[in-house]
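For reference, the structure discussed in these notes is given below.
Written out as C-alpha cells, the structure reads:
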C-alpha cells in the first residue's frame, strides 16, 4: 500500500493528517500538526510532491498510549491490563513498542505526557501527533497488529479503561496546578493572599495531592509571590483546611476560583432612589464614545484584515493617553495584552513599529504597555484564573485578549449561546474584580459581511454581540486596502461609521470614502461534479452480514478485503460492523493471549468453569 493510499484512508475515516519527512518524524508542513487536514486535495498534493513522506495523525481529541519497546514492565504479564488495552486499535512501532488508540471521554481535554504514566510510557493527546503505519523510521516500518487495525472513525474509538481515565485526570490536574504556582504574573498583594492561596490549594487537592505536598507548594508560593508574605502558621492552616476534604469533594470556591466566586454576591433589590444615590454618574470613560471602566468590547474582522495592528494602535493610544484614530479620546492607563497568536519576537517588533508610525516616543508607553505571549502554552480562559487573581485591582486599565477563540476551552462550542454567555459572564466578573476593561479580538463568520447588521457580524452564537458592551467591527470597503469601522454600543450614543485606509503599519482615517460602499464578495463557484462515476452501493446491515460473514470467525482485515472489493469504503464497513454487532447479528471473539479480535454470526464458546 502506498503512503498516499494509506493517508487517504485515514482521512476518509475522519483523522486529520499531515506529512513528515521520509524515514523521520519531522513535519514537512510549516506549522506541523496545526496543518493537519482531512481534505483529499491537500493530502494528494502533499504526497504527490513527497511520495515517500511518512504519515502523521494529529491526536487532538484522542488518547494514544505510547509504550516504548517490547520489554515494557508496564504491560509485562498483567493479563487484566492487557485485556483493557486490547479494546483499542494498536500498532507496533519500529522499536517493538506499541501505540494504543482511544478517544478522550466527553469533558476531558488531556495534553501529551512523557513518562508520567510509567517509565517509558508516554501519551499523545491534544497538541500532539503520532507517526502511523505504514510509515518507516530508521529502516523499519510501523504496522497495525492483525485484527487491531485503525478502521473506525475517531468518535467510534473506545474510551480508555476507568483506571486509566482516573490516572490521567490526576496527571492533568497536577499539571494544571503547577503553572498556577509558577506563574510569572504580578505579585499577590495584601488582601488577596488568602483567597489566591486557597484557590491554589483546592486545585492541588483535587489532583489528589497530600496535605504535606500542598503545604510545601503554598509555602514556596507565599515566599516567592505574596507581598508581604503571610505567616508560616497561616499558610499551613490554609493547607490543613483544604486537605480535610476528599479530593473529589473540594468545594468549588476552593478550586478554580471562577466557579465558586461567580454568583456568590448576595442579591439585594434596590429602589430607584437608592440606586440613584449609589450610582450618581456613569462609569468613567476609557475610550470616549466606545468603552467605560469594567466593560467589554469585541473587535471583529475577517482573518488577516489587520485587526491585531489596529488593537496595538489602540493599546498605544491608551498607554500614552492620546486620541485614537483622530476620533476617540482615551484615558491614560497601563495596558496588558495577552497574546495567544504572536511569538514574543513578533510583538517586540510590531509595537515599536506602530508607535514610530504614530509618532509616540518610547518613554510614553514603554513602561505602561505589557505583553504576555502565550502561544504554544495551551492556556484557555479558565486556566488563566490564577493569573487574573494575582493581578492587583486597578493595575491595568485595559486587558486585551488576542485572539479570543484561542482562549476558549477546547470542549466549548462557540455556536452555543449558553456556552458563550458563560464565558462573557466570567469576563464581566474578571473585569469587576480587576477594575479594568476587556478587549476581545475575534473573527467574522464566513462569506460576505456587507448585508449584515453590526451585531450579526462575528463568528459563533449571537450572545457574543449581545453580551458585550461594545461590538466593534471591521468590514472591507469596495476600495482595496480600506475598511469601514462600525460599532454597536451600550452606554454611549450611536457611533457613526468611519472609513480607514491601510498605510502600513497603521490604519489611517479615510474621510474621502463613502462608508456605505461595502465590498460585496463574489460567491464561490460550485465545484464541477462529474456524473459518470456510478453511485456507491447501498447495503443493508442484513445484506452485509449475509454475504460476507458466516459461523466461521473472520478478522476485520479479512472482512474488509471482501467488502472493499464490492465497493464499500472503510468508514461504511466500520459502520456496518458496529450496527451488526449492536443488533446481535454478529458476535465478537477474542482469541489468544493478545486477544485477537474476530467476528462470526455465532457467539464464542463459553469458557469452561474451573472447579474449586
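Residue numbers (the working numbering): 319 to 930.
In this text, a Cβ means the ideal position worked out from N, Cα and C, and glycines have one as well.
Secondary structure at residue 909: strand, using DSSP grouped into helix, strand and coil. For residue 404, no alpha helix (DSSP H) encloses it, and the DSSP letter there is neither H nor E.
Relative to residue 508, the option among 623, 922, 711 and 722 whose CA is nearest is 711. Taking C-beta separations shorter than 6 angstroms and ignoring five residues to either side along the sequence, the partners of residue 756 in its chain run 614, 717, 745 and 749, following chain order. Annotation for residue 632: the continuous alpha helix (DSSP H) segment containing it runs 625-638. Non-local C-beta neighbours of residue 628 in its own chain, meaning closer than 6 angstroms and more than five positions away in sequence, comprise 825, ordered along the chain. If the five residues before and after residue 335 are omitted, its C-beta is found closer than 8 angstroms to the C-beta atoms of 325, 328, 329, 354, 355, 356, 361, 373, 374, 375, 376 and 450, all from its own chain and listed in chain order. At least 8 angstroms separates the beta-carbon of residue 863 from that of residue 801. Spatial neighbours of residue 610 in its own chain (CB-CB distance under 7 angstroms, excluding positions within 5 residues in sequence) are listed in chain order as 600, 601, 602, 603, 604 and 809.
With respect to residue 899, residue 837 sits apart: the two C-beta atoms are not nearer than 8 angstroms. Minimum Cα-Cα distance from residue 447 among the listed residues 382, 713 and 510 corresponds to 382.
In the same chain as residue 660, and ignoring 5 residues on each side of it, the C-beta atoms closer than 7 angstroms to its own belong to 691 and 693, in chain order. Looking at the DSSP output, residue 881 bridges to nothing.
Rounded to whole angstroms, the gap between the alpha carbons of residue 483 and residue 460 is 26 angstroms.
Around the beta carbon of residue 695, fewer than 16 other beta carbons sit within 10 angstroms, so the residue counts as exposed. Its Cα nearest to that of residue 367, the residue 346 stands out among 472, 506 and 346.
Only residues of its own chain outside the window of five on either side were considered, and among them 605, 606, 607 and 608 have a CB closer than 7 angstroms to the CB of residue 646, listed in chain order. Taking a 10 Å sphere around the C-beta of residue 439, we find 16 or more other C-beta atoms and assign the residue as buried. Residue 331 places its beta carbon less than 8 angstroms from that of residue 889. Boundaries cannot be given for residue 658, as no beta strand (DSSP E) includes it and DSSP labels it neither H nor E. Rounded to whole angstroms, the gap between the alpha carbons of residue 441 and residue 430 is 5 angstroms. With a cutoff of 8 angstroms on beta-carbon distance, residue 622 and residue 759 are scored as not near each other.
DSSP links residue 440 through a beta bridge to 384 and 432. The way I'd put it, the stretch 545-554 does touch the stretch 511-529; three or more beta-carbon pairs between them come closer than 8 angstroms.
Taking the Cα of residue 435 as reference, the smallest distance to any Cα among 486, 341, 805 and 815 is reached at 486.
Secondary structure at residue 357: coil, using DSSP grouped into helix, strand and coil. In this structure, DSSP gives residue 588 a state outside helix and strand, which the three-state scheme calls coil. Residue 544 is bridged by DSSP to 506. Annotated three-state conformation of residue 389 is coil, per DSSP. Judged by DSSP in its simplified three-state form, residue 720 adopts strand.
Apart from the 5 residues on each side of it in sequence, residue 870 sits with its Cβ closer than 8 angstroms to the Cβ of 918 in its chain, given in chain order. By the Cβ criterion, the stretch 389-408 is in contact with the stretch 456-473, since at least three pairs of Cβ atoms, one from each stretch, lie closer than 8 angstroms.
In this model, residue 401 and residue 380 are separated by some 20 angstroms (Cα to Cα).
For residue 428, the closest of 378, 798, 811 and 530 by C-alpha to C-alpha distance is 378.
Of 788, 648, 616 and 820, the smallest CA-CA separation from residue 806 is found for 788. If you ignore the 5 residues before and after residue 393, its C-beta comes within less than 7 angstroms of the C-beta of 385, 399 and 400, all in its own chain and listed in chain order.
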